[in-house]
Structures are given as C-alpha cells and as structure tokens.
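Participant: This is the structure I want to talk about, given as structure tokens.
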Amino acid sequence: MTDIHLSNTTSIRTQDEAAAAKRARMDLISSVVRYALLFGVGFLMLYPLIWLVGASFKTNSEIFSGAGFLPNSPTVEGYVRGWQTSTPYTFGRFFWNSFLIILPKVIGTAISCTMVAYAFARFDFPFKKILFGSVIAVLLLPNVVTRIPQYILFRDLGWLDSFLPLWVPSALAGDAFFVFMLVQFLRSLPTDMEEAARVDGANSLQTLVFIVVPMLGPALVSVCLFQFMWTMNDFLGPLIYISSVDKYPVSLALKLSIDTTEAFEWNRILAMSVLTITPALVVFFAAQRYFIEGISAGGRKG
Amino acid sequence: MRSQRLLGYAYLAPYLIGLVIFTAIPFLSSLYLSFTSYDLMSSPQWTGLSNYQRLFTRDRTFEKSLSVTLLYVFSTVPLKLAFALFIAAILNYKLKFINVFRTAFYVPSILGGSIAIAVLWRYLFSTEGLVNMAIATLGFGPVDWFGDPTNALFTITLLRCWQFGSAMVIFLAALQSIDKSLYEAASIDGAGKVTTFIFVTLPLLTPVIFFNLVMQMVQAFQEFNGPYIITQGGPLKSTYLLPLYIYEEAFKKFNMGYASAIAWVLFAIIMVLTLVAFWSSKKWVYYAGDKRS
C-alpha cells in the first residue's frame, strides 16, 4: 500500500499520510482499549447496586442461590414486610423523621453559609485573614476531637434525643466546606452589579438578597444537594444523639432492622436498603450537574 | 468604613458564634477532658497524664486499634487515589458518553457512607455472597472474608475504594484544564504517551493530588460506618479502627476522659501527617507561575 503511494506522491506527503494513518490507527486502538476498560470497571462498580435492586424482589431462598440479578419469581414480600418493621412504626415514620432532620438543616445551612461567604468575599474587617484561615482549619479539623464535649454540651442544654444537635451547628455555618465553596464561587463573580445596586441606594442586605443570591444560584443548589445527601447518609450523628425509636431517621432504622430481623429474612433488609438509597439516587440523577460542579469547584485552588 | 467593618462582622456572626461554641470550646475541653476521669455522673477528676500512660503502656486494645487504623489508612488512601487518577486519565479523552461514564462512576460516592451500602457489603462478601460466586466462576474456592483478620479489613478498604468518584471528578476537572499546547509540545519533542503522562501531566496534577491526599487521609482516619456495620470491629479486633474504639469508650462505657485521650492521640496523628504533607508539598507540588483558574 505504501509503495503505491510512494510512486504517486512526493515522499514528504507520503510520510505525512502514513503518520496520519498511524495516528488514526493508534487513536482507534486507544479508544477501543479505553471503552473496554470503562465498560469493565463500570460494570464491576454498578453490578452490586443492580444486584441489590434485583435481590430485593427475590425470595429469601433465592437470594444466595445465584449471581444473577433477575428474580425467578418476583415478590414484593420483602418490601411489604420490611416496611412494617419489628417496631410499632412503619418505615414511613422513619422517612418522615429523616425529612424533619434534613429540611431545617438544609435551610439553615444555605442561609448561614451564604451570609458568611458574603462577609468573607465582599467586606473588609479586622482579622479577616485569620478568620478565613479558621474556616480552613475547621474544614480539616477531625470531628472526632470535638464530638465528646459537644455531646456533653447538648446534654447540659437538655437537647439529647431531639433534632436540635443535628440542626443547630449547621445553622451556624458549621459545615466549613460549604462556606469555603461559596466564598470561592463569590470571589470569582464580578462586583459591578452589586456596585450598581449600591449606587441606586440598595443597602447591603438588599444587595445580598436581590443581587448576590440569584448569582450564587448554582453554587447554592450544590450546597443544598450535598447537605441533603450527607444528612440522609449520616449515621453517627443520629446514633449518638437520638435514642427514642419514634425519632429514628432511616439510617438508624435500617441498622435496627438488621439487629432485630431474623437472620434468614434477607429480602426485608435488602428491600429497605433499596428504599433508603432511593431518595439520594433520585436527587442525584435529577441534578447531577450541580454535584459534579460542586465537587470540581471544591478542588480548585483559590 | 467603620460601618463596613461592623456589617462584615454582622454577616459573619453565625459563623463566629458556631466557631466558639461548637468548635473552639469543645476542642479545648476535649484536651482538658483527656487529662481527667469523667463518667458524666460526677464532675471530671483531674488525673494528669494517667490516661495517656495507660494508653501507651498497658492498653493492648489501643495498640491493636492504632496499628489497624494506620494499616487501613495507608492502604486505602493510595489505592483509592491511584484508582481515581487511573480512571480520570482514561476518561480524559474525546470519548462519546464521557458524561455517562462520569455519572456512573460517581454513583457509589453519592451513596457514600450510607448504611444501606454497608449492609450490601455484608451480603456481597458473605460466604455464599456475590463476590465468592464470582470468584468460584474463575475457579477459586470461597474466601472467608469476614472470618479472616486480613480479609476483613480489606473489605472495608474495597468499600472505600469503590467510592473513588469524588476524587476522580476532581482529577478529571484538573486534567481537562491542562493546556493542550503542552501535549503538542511534548509530542513534537518525541515524547510517548507514558512519558508525557509522567513528565507533563503528573507535575501539573500535583496540586490536586495534594488536595485529594489530605482530604482523603483526614476522612480515612475517621472511618466509622464501615467497621461498625460490616464487621463490628472483628474478627479479633482486626477492623477495630480508632473511631470505633472512641465511640465505644465514650458512648457505651461513658469513659469520657479516656475516650478524649484516644481522640487526641488520633487528632495528633492526623495533624502531624497533615503538617508533613503541607511541609513536603513545597518540594513536590508544582504551582504554575501564571494565575489561571
């Protein structure tokens, strides 16, 4: 093939074409290898989840009898009986409790972190550098070191077995990651709109609410989504602070059902596991762009 | 200008209050508590260094727990980061469906520390579970995942490596921001793919590698849900990570003083390693001279 080309064209062009053909071939091989790896890894990663969903519709005797995910004789028995739980409450109650924890926490986080980010990104005040440094310090500070005194504090306040220990620290901008994320985002936004508003006589609160918050939109959505997800998945917080079963969020309820369900009634636990991860998955797929952007923004240097 | 300053503090108020009440005071009180004996019933009794003495001289559980924790962190973090970077590098290419793959790989991270996933892990790695079935088709005998001390810790490492998504997304964003002309230059100089990756890509990625390393390390040292749900710290305390030990001392046995001492040792280790990372970063992290975002 190359010989024919050589006879017809100048050698330079041939070299170019050969190089181009070689590059195209390499690109093709590279693509095939990449796709194969991605499909392989993707399958390995997602199969456990697919299996989980399939297994939740299986009978108990079928769950460990094969690796396939399609049930032979699908049954919703696991869902029906799992939903009843071994407590006087259904899983509906536990989902409601999770909602009661999440909603005030997300609202409190959004408001407080926006205010604080606004202060850091748009105002000058003494010790600003040190205080912003403290945000990073809090971000890196392991919770494990403050958890015991916090527990004692909440006990002294009479807040144990209520949702207050889960709400209040977040409502006081306690999740430094979000403050950091919003400050980074706000710093990258131009200030001319805010200046125009100020010239028109808007005060700083009006500027915040009507100019800055709308511009912060996507970042704020990320904050709310992450807080939703983390709170939904949070286990240690409720484990320490919530002791009455009627206040259990789904994470504790699931742990309770593992402890109280007969050892062989796997499908109930698998069914409830599927239900507890469903809200997070639905929210993620509905708004995945905000998650990816939020995570990427967190990793950028300031 | 004065009103500006006051306003700044007004907006900062929630953070300042939270910082003092929920971070600064608890931080110092836990240091204080670590020198006391405190069971929540009577007031804390100052016992000087005796908690720490007991930890480092007589407490076999602590010795075991500490070594298991270090083993866990030093195996999980590098594995997870290497895997995240590997997948990000594959994804960083003009592929169709790149967003689909990125989403698929991110799903496990979304479910993150969820109890449901820990439950799933118990089923996957049980003796008749999915993993052993898969191994059997490859012709290997069933592995006793939870009965064997080395394997049990490895299941938790695998669980966290499975959640490589957020590290991967950060790597991918960094890879995509690398100036294409650098690759062209390397290619003209005759560098191959691997050489280019090692000498062009990796140095440019060091800031995000550093970021991921510190974040993942701080996180890994605090691993609780995995061992609590999947292995309950066993067998033979082989997955009894320090956060689990602290939890049981503090909230099961109400030895608040002793638990605080363990927490402070854990904190000191994390802090020293973070400082080492920051200090050494001057030698290996490359920040481009120009300010591009």
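These protein sequence lines map, in sequence, to chains R and B. Numbering follows the numbering used here, with no gaps: position 160 of the first sequence is 148. Numbering follows the numbering used here, with no gaps: position 251 of the second sequence is 256. Just so it is clear, CB atoms sit at the ideal spot from N, CA and C, and this is done for glycine as well. All of these numbers come straight from a predicted model, not from anything done at the bench.
1. Evaluate Tyr98 of chain B with the Cβ neighbour count: other Cβ atoms within 10 Å of its Cβ, from every protein chain shown; 16 or more gives buried, anything less gives exposed.
2. Please classify Asp163 of chain R: is it buried, with 16 or more other beta-carbons within 10 angstroms of its beta-carbon, or exposed?
3. Mind listing the chain B neighbours of Arg293 of chain R? Cutoff is C-beta to C-beta under 9 Å, in chain order.
4. For Lys69 of chain B and Tyr245 of chain B, what's the separation of their Cα atoms in angstroms?
5. Quick check on this structure: which residue in R:Pro267, R:Arg277 and R:Leu128 has the alpha carbon closest to the alpha carbon of Ser86 of chain R?
6. Grab me the residues of Phe130 of chain B's own chain with a C-beta within less than 7 Å of its C-beta, minus the 5 sequence neighbours each way, in chain order.
7. Between the segment 243 to 254 of chain B and chain R, which residues of the former have CB atoms less than 7 Å from a CB of the latter, in chain order?
8. Does the pairing of the segment 130 to 142 of chain R with the segment 185 to 192 of chain R give three or more beta-carbon distances under 8 Å?
9. Can you list, in chain order, the residues of its chain whose CB lies under 7 Å from that of Val167 of chain R, leaving out five sequence neighbours each side?
10. In whole angstroms, give me the CA-to-CA distance for Ile99 of chain R and Val200 of chain R.
11. According to DSSP, simplified to helix, strand and coil, what is Trp51 of chain B?
12. Is Asn221 of chain R near Ser114 of chain B, with beta carbons less than 8 Å apart?
13. Do Met222 of chain B and Leu164 of chain B have their C-beta atoms closer together than 8 Å?
14. Rounded to whole angstroms, what's the CA-CA distance from Phe57 of chain R to Glu65 of chain R? Just pull it up for me.
15. Pair every Cβ in the segment 54 to 61 of chain B with every Cβ in the segment 251 to 266 of chain B, then say whether three or more of these pairs are closer than 8 Å.
16. For Val112 of chain B versus Ser261 of chain R, is the C-beta spacing smaller than 8 Å?
17. Mind pulling the chain R residues with CB within less than 8 Å of Arg107 of chain B?
18. Would you check if the distance between the CB atom of Val94 of chain R and the CB atom of Cys212 of chain R is smaller than 8 Å?
19. Below 8 Å on C-beta distance, what does Leu76 of chain B contact in chain R?
20. May I ask you to report which of helix, strand or coil DSSP gives Thr78 of chain R?
21. Hey, does Asn131 of chain R have any beta-carbon neighbour from chain B nearer than 8 Å?
22. Taking beta-carbon pairs under 9 Å, can you tell me which members of the segment 196 to 222 of chain R lie near chain B?
23. Which whole runs of the alpha helix (DSSP H) in the segment 144 to 192 of chain R are 4 residues long or more, in chain order?
24. Could you check whether Val171 of chain R and Ala241 of chain R sit closer than 8 Å to each other, using their CB atoms as the reference points?
25. With distance defined between alpha-carbon atoms, name the residue in B:Ala255, B:Trp269 and B:Lys288 nearest to Thr211 of chain B.
26. Exposed or buried, Asn191 of chain R, counting other C-beta atoms within 10 Å across all chains shown (16 or more means buried)?
27. Could you tell me which chain R residues have their CB closer than 8 Å to the CB of Met261 of chain B, listed as they occur along the chain?
28. Going residue by residue through the segment 212 to 249 of chain B, where are the continuous alpha helix (DSSP H) segments of at least 4 residues, counting only ones entirely within it?
29. Decide yes or no for the touch test of the segment 193 to 200 of chain B against the segment 66 to 86 of chain B: beta carbon pairs closer than 8 Å, at least 3 of them.
30. From Thr2 of chain R to Lys185 of chain B, what distance separates their C-alpha atoms?
31. Check for me: the alpha helix (DSSP H) holding Tyr303 of chain B runs from which residue to which?
32. Roughly how many angstroms lie between the CA atoms of Leu271 of chain B and Asn131 of chain R, to the nearest whole one?
33. Between the segment 201 to 211 of chain R and the segment 272 to 283 of chain R, can you find at least three pairs of beta-carbon atoms closer than 8 Å?
34. With a CB to CB cut of under 8 Å and the five nearest residues on each side skipped, what residues in its chain are close to Ser202 of chain B?
35. Can you give me the C-alpha to C-alpha distance between Ser239 of chain R and Pro226 of chain R, rounded to a whole angstrom?
36. In chain C, which residues lie with their C-beta within 9 Å of the C-beta of Asp112 of chain R?
Facilitator: Short version:
1. Here residue 98 of chain B is taken as the residue at index 93 of the second sequence, counted from 1. Its Cβ having fewer than 16 others within 10 Å, Tyr98 of chain B is exposed.
2. Within the first sequence, numbered from 1, the residue matching residue 163 of chain R stands at position 175. So Asp163 of chain R ends up on the buried side.
3. As shown, chain R starts at -11 and ends at 290. That puts residue 293 of chain R outside it, with no answer to give.
4. Here residue 69 of chain B refers to the residue found at position 64 when the second sequence is read from its first residue. Here residue 245 of chain B refers to the residue found at position 240 when the second sequence is read from its first residue. The straight-line gap separating the alpha-carbon atoms of Lys69 of chain B and Tyr245 of chain B is approximately 8 Å.
5. The sequence position of residue 86 of chain R within the first sequence is 98, counting from 1. That would be R:Pro267, whose Cα lies nearest to the Cα of Ser86 of chain R.
6. For the purposes of this step, residue 130 of chain B is identified with residue 125 of the second sequence, where counting begins at 1. If we look at Phe130 of chain B and ignore the five residues flanking it on each side, its Cβ neighbours are Val136, Trp150, Phe151 and Thr160.
7. Within the segment 243 to 254 of chain B, Pro248 and Ile251 place their CB atoms closer than 7 Å to a CB of chain R, listed in sequence order.
8. No contact exists between the segment 130 to 142 of chain R and the segment 185 to 192 of chain R.
9. Looking up residue 167 of chain R in the first sequence gives position 179. The answer, listed in chain order, is Cys101, Val104, Ala105, Val123 and Ala161.
10. On the first sequence, residue 99 of chain R is found 111 positions in, with the first residue counted as 1. On the first sequence, residue 200 of chain R is found 212 positions in, with the first residue counted as 1. Roughly 12 Å separates the two Cα atoms.
11. Counted from its first residue, the second sequence places residue 51 of chain B at position 46. Annotated three-state conformation of Trp51 of chain B is strand, per DSSP.
12. Along the first sequence, read from residue 1 onward, the residue named residue 221 of chain R stands at position 233. Along the second sequence, read from residue 1 onward, the residue named residue 114 of chain B stands at position 109. No; because the gap between Cβ atoms is not below 8 Å, this pair is not in contact.
13. Numbered from its first residue, the second sequence carries residue 222 of chain B at position 217. Numbered from its first residue, the second sequence carries residue 164 of chain B at position 159. It is not a contact, given that the beta carbons lie outside the stated cut-off.
14. Position 69 of the first sequence, counted from the first residue, corresponds to residue 57 of chain R. Position 77 of the first sequence, counted from the first residue, corresponds to residue 65 of chain R. As the crow flies, the alpha-carbon of Phe57 of chain R is around 17 Å from that of Glu65 of chain R.
15. Result yes; three or more Cβ-Cβ pairs closer than 8 Å.
16. Stepping through the second sequence from its first residue, residue 112 of chain B is reached at position 107. Stepping through the first sequence from its first residue, residue 261 of chain R is reached at position 273. No; because the gap between Cβ atoms is not below 8 Å, this pair is not in contact.
17. To locate residue 107 of chain B, count along the second sequence from 1; it is residue 102. The answer, in chain order, is Ile280.
18. Residue mapping note: residue 94 of chain R aligns to position 106 of the first sequence, counting from 1. Residue mapping note: residue 212 of chain R aligns to position 224 of the first sequence, counting from 1. Result yes, Cβ atoms of Val94 of chain R and Cys212 of chain R sit closer than 8 Å.
19. Translated into positions along the second sequence, residue 76 of chain B becomes position 71. Neighbours of Leu76 of chain B in chain R, taken as residues at a C-beta separation under 8 Å, are lacking, since the least C-beta distance is about 18 Å.
20. As a position in the first sequence, residue 78 of chain R is number 90, starting the count at 1. Residue state, collapsed to three classes: coil.
21. Along the first sequence, one-based indexing puts residue 131 of chain R at 143. Among the residues facing chain B, Asn131 of chain R is included, as its CB has a counterpart in that chain under 8 Å away.
22. If the cut-off is 9 Å between Cβ atoms, the segment 196 to 222 of chain R has Leu196, Met217, Trp218, Met220, Asn221 and Asp222 near chain B.
23. Here the runs fully enclosed are 152 to 159, 164 to 175 and 180 to 187.
24. Within the first sequence, residue 241 of chain R is the residue found at index 253, counting from 1. Within the first sequence, residue 171 of chain R is the residue found at index 183, counting from 1. The Cβ-Cβ distance between Ala241 of chain R and Val171 of chain R does not fall below 8 Å.
25. Here residue 211 of chain B is taken as the residue at index 206 of the second sequence, counted from 1. The option with the nearest alpha carbon to Thr211 of chain B is B:Lys288.
26. As a working mapping, residue 191 of chain R is identified with position 203 in the first sequence. Note on Asn191 of chain R: under 16 other CB atoms within 10 angstroms of its CB, so exposed under the neighbour-count rule.
27. What you label residue 261 of chain B is simply residue 256 of the second sequence in a count that begins at 1. The answer, in chain order, is Ile136 and Ile140.
28. DSSP runs (the alpha helix (DSSP H)) wholly in the segment 212 to 249 of chain B: none.
29. No: the two stretches stay apart, fewer than three of their Cβ pairs being nearer than 8 Å.
30. For the purposes of this step, residue 2 of chain R is taken as residue 14 along the first sequence, with counting starting at 1. For the purposes of this step, residue 185 of chain B is taken as residue 180 along the second sequence, with counting starting at 1. Their backbone Cα atoms lie some 27 Å apart in a straight line.
31. Residue coverage of chain B in this structure runs from 6 to 298, which leaves residue 303 of chain B outside it and unanswerable.
32. As a first step, residue 271 of chain B is located in the second sequence; it is residue number 266 there, counting from the start. As a first step, residue 131 of chain R is located in the first sequence; it is residue number 143 there, counting from the start. Note on geometry: alpha-carbon atoms of Leu271 of chain B and Asn131 of chain R lie some 11 Å from one another.
33. Put simply, the segment 272 to 283 of chain R touches the segment 201 to 211 of chain R. At least three CB pairs are less than 8 Å apart.
34. For this step, residue 202 of chain B is matched to residue 197 along the second sequence. Going by the sequence as given, residue 202 of chain B is Phe instead of Ser. Same-chain partners within the cutoff: Ala94.
35. Locating residue 239 of chain R in the first sequence gives position 251, counting from the first residue. Locating residue 226 of chain R in the first sequence gives position 238, counting from the first residue. Roughly 8 Å between the two C-alpha positions.
36. Chain labels in this structure do not include chain C; the protein chains are R and B.
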